[in-house]
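Chemist: According to the working numbering, the stretch in the sequence shown is residues -19 to 493, in order.
For every residue, glycine included, the Cβ atom is placed at its ideal position computed from N, Cα and C.
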Amino acid sequence: MWKLVIEDDEGKRTTLPLTRSEYTVGRREGNIIRLTERNVSRNHARFYKKATGPNDPGTLILEDLTSYNGVFVNGLRITHAQALAHGDLVQVGDYRIVLQDDALAAAAEAAAGGDSKATVPSAPHARGATLLDRPNRLVMLAGPTPGAEFPLDRDRMTIGRAEDASVSVNHNSVSRLHCEVHALGDGRFEIVDKGSSNGVRVNAAELRRGIIEPGDVVELGDVRFKFVGAGQIFLPTESHQLATITDRDTTDVTHKRKPGNALPIAVFAVVVVAGAFGAWSYTRPKIAPRTSLTPPSPEQTALDDAKKLAAAGDLEGAHAKLEATFPESSSWRESAEFKDIESQWAEALLAKADATDDGLAKRSLYQRVSQAMSVDAPHRKAAADKLLQLDANTGAAAASDLPVAVRETARPRNEDGGSAHESHRAALMDDLHAGSTGSAQPPGVAIGVDEHEQKLALQGTQDAKIQLKQQLEPRVFSGHASDAEVRLLISTCKDLGDKSCVQQARAVLAPQK
């Protein structure tokens, strides 16, 4: 009875009795013999029996189904359907398949004295046996002699450029004594770098000392080897193409020219080359300079988009694009293009605020500009000044219109300590107390906040709020602050989420209710 012994690259074996007339081999589901490695095609090969008569047990035929990496029989790639015989070795990707005839295998076992450990019968029946008897070896993938095999048949071997090395490699990227290979048993070897100039890499990892096993790729400078285990057949695939490489930069001179002839020849060569280059430069077609293929950064792209929006008149969209792309810590905010767009946006908002008659809209636009840290200081100051002017014109700002800041209202005092503009101060206090105390502050009590506090309130940033809170707390809790400053502290603490501070500040106002 015929059977196939299938062995993978890790040495695992599977025996398959041939009871059918046809067996398909491939990576795709549905194949009778499914091999899952990537170097096996979806539909790779086909085994089928061919008999000449009713009493003929038939011959097993192997056919390559136009696979990418091919099918090899006893080390040779087949180009057409081929008959197989007992002991033939079939290579499909990383898998080895041995054809066995039980009757011939039993006869060979009896002749060998009952030794049944051999997978492939001995000669003369097993034509693939000689291929499987090959030792552990290094196969050169890239180097001066690609495809050359170097058996690892000693306990200690040297590899280098020296002629007396166990494995001599004539390439200038390999040191004279590059490394040593020590046999550890069970098909495992240790490789040791002997202080080489270009190092030792195993599977692309550079190391000074390491274990190598079958399948590993070893690189010594520019030269690459594949470690092929004993009994394995190496067939280069698309990932292991053989390549001849030359020395990196050679300074060897094969022969010396006579001094008398060298100079005229060199001068003549220079003249000929210069003339040819001049003629080519004159007649060659003019080619436009090649532009850079490096794509712009996301920040540059966002800045360009914002410039396009600003040029189209959509300054609000340009401002939103910049705010969404560049955080406050971004160095792009210092660029001239960024500042120019933000200045245009600020000027547009100020002009819009100046043109509107809606007091709330006017205040909102001024506050947006004064609190935008992306805008330059002169525009922010202009917006803050317009807010003060707006307050002076309306008499007082409603508390609901001032989310954080309270304008400075300090004015000259009379001799009795009262305000020189008592009616205006009373109106302001009525607005500040709306919805909270419900009463006006008695005359003669300071109601303003100083200029530094106002600037911090107008900024609206987290750092400014923390600084403002630290400045106001000592004065409020010591009883030396105006009601405006107390309410400014309450608003600031609310923004910071400090409930304890809010309660303590409200307690300062409680006796005045």
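Provide the residue(s) that pair with CYS159 in DSSP beta bridges, ordered along the chain.
Modeler: Answer is ILE139 and ASP173.
Chemist: Tell me GLU148's beta-bridge partners as DSSP assigns them.
Modeler: Before going on, a small fix: residue 148 reads as Ser here, not Glu. DSSP, once it has assigned bridges, lists GLY140 as partnering SER148.
Chemist: Do you know offhand how far LEU302's Cα is from PHE318's?
Modeler: 8 Å
Chemist: Ends of the alpha helix (DSSP H) at TYR346?
Modeler: 339 to 351
Chemist: Quick check on the burial criterion: 16 or more other C-beta atoms within 10 angstroms. Buried or exposed for ARG136?
Modeler: exposed
Chemist: Count the other CB atoms within 10 Å of the CB of ASP44; is the residue buried (16 or more) or exposed (fewer)?
Modeler: Buried, since its Cβ has 16 or more Cβ neighbours within 10 Å.
Chemist: How close, in whole Å, do the beta carbons of VAL78 and VAL(-15) come, if the pair is a contact with beta carbons under 8 Å?
Modeler: 4 Å
Chemist: Quick check on LEU283: buried or exposed, where buried means 16 or more other Cβ atoms within 10 Å of its Cβ?
Modeler: buried
Chemist: Determine the extent of the beta strand (DSSP E) in which PHE214 is found, giving its start and end residues.
Modeler: Counting along the chain, PHE214 falls outside any beta strand (DSSP E), and DSSP gives it neither H nor E.
Chemist: In angstroms, rounded to a whole number, what distance separates the CA positions of SER272 and THR46?
Modeler: Residue placement at SER272 is flagged as unreliable, the pLDDT there being 46, under the threshold of 50; the coordinate-derived value follows with that caveat. Approximately 44 Å between the Cα atoms of the pair.
Chemist: Enumerated in chain order, which unbroken segments of the alpha helix (DSSP H) with a length of 4 residues or greater are wholly contained in the segment 13 to 38?
Modeler: none
Chemist: Starting from THR305, follow the alpha helix (DSSP H) in both directions and report where the run begins and ends.
Modeler: 295 to 305
Chemist: Measuring only the C-alpha atoms, how far is PRO37 from GLY195?
Modeler: 39 Å
Chemist: Return helix, strand or coil for ARG134, following the three-state DSSP convention.
Modeler: coil
Chemist: Identify the continuous alpha helix (DSSP H) that holds LYS445 and give its terminal residues.
Modeler: 442 to 457
Chemist: Just reading off the beta strand (DSSP E) that VAL70 is part of, what are its end residues?
Modeler: 69 to 72
Chemist: Report the residue from GLY33, GLN434 and LEU118 whose alpha carbon sits nearest the alpha carbon of LYS445.
Modeler: GLN434
Chemist: Using a Cβ-Cβ cut-off of 7 Å (strictly less than) and excluding sequence neighbours within five positions of ASP456, which residues of its own chain qualify?
Modeler: Going by the sequence as given, residue 456 is Val instead of Asp. Around VAL456, the same chain offers GLU465, VAL466, LEU469, ALA485 and VAL488 as residues with beta carbons nearer than 7 Å, after the five sequence neighbours per side are excluded.
Chemist: Would a check of beta-carbon distances place LEU222 closer than 8 Å to chain C?
Modeler: Here there is only one protein chain, and chain C is not present.
Chemist: For the alpha helix (DSSP H) containing PRO(-3), list its first residue and its last residue.
Modeler: From DSSP, PRO(-3) is part of no alpha helix (DSSP H) but of the beta strand (DSSP E) over -7 to -3.
Chemist: With a threshold of 7 Å on Cβ separation, who are the neighbours of GLN351 within its own chain once the five nearest residues in sequence on each side are excluded?
Modeler: Here the set comprises LEU438, GLN439 and GLY440.
Chemist: ASP81 by DSSP, collapsed to three states: which one?
Modeler: Strand, per DSSP.
Chemist: Applying the 10 Å Cβ sphere with the 16-neighbour rule, what's the burial state of LEU340?
Modeler: exposed
Chemist: In whole angstroms, give me the CA-to-CA distance for ALA122 and GLU322.
Modeler: Straight-line Cα distance between these residues: approximately 60 Å.
Chemist: Given ALA298, which residues of its chain have a CB within under 6 Å of its CB, disregarding the five upstream and five downstream residues?
Modeler: ALA286, LEU289, ALA290 and ILE321
Chemist: Taking only the alpha-carbon atoms, compute the straight-line gap between SER462 and GLN280 and give it to the nearest angstrom.
Modeler: Across the structure, SER462 and GLN280 are spaced so that their CA atoms are roughly 49 Å apart.
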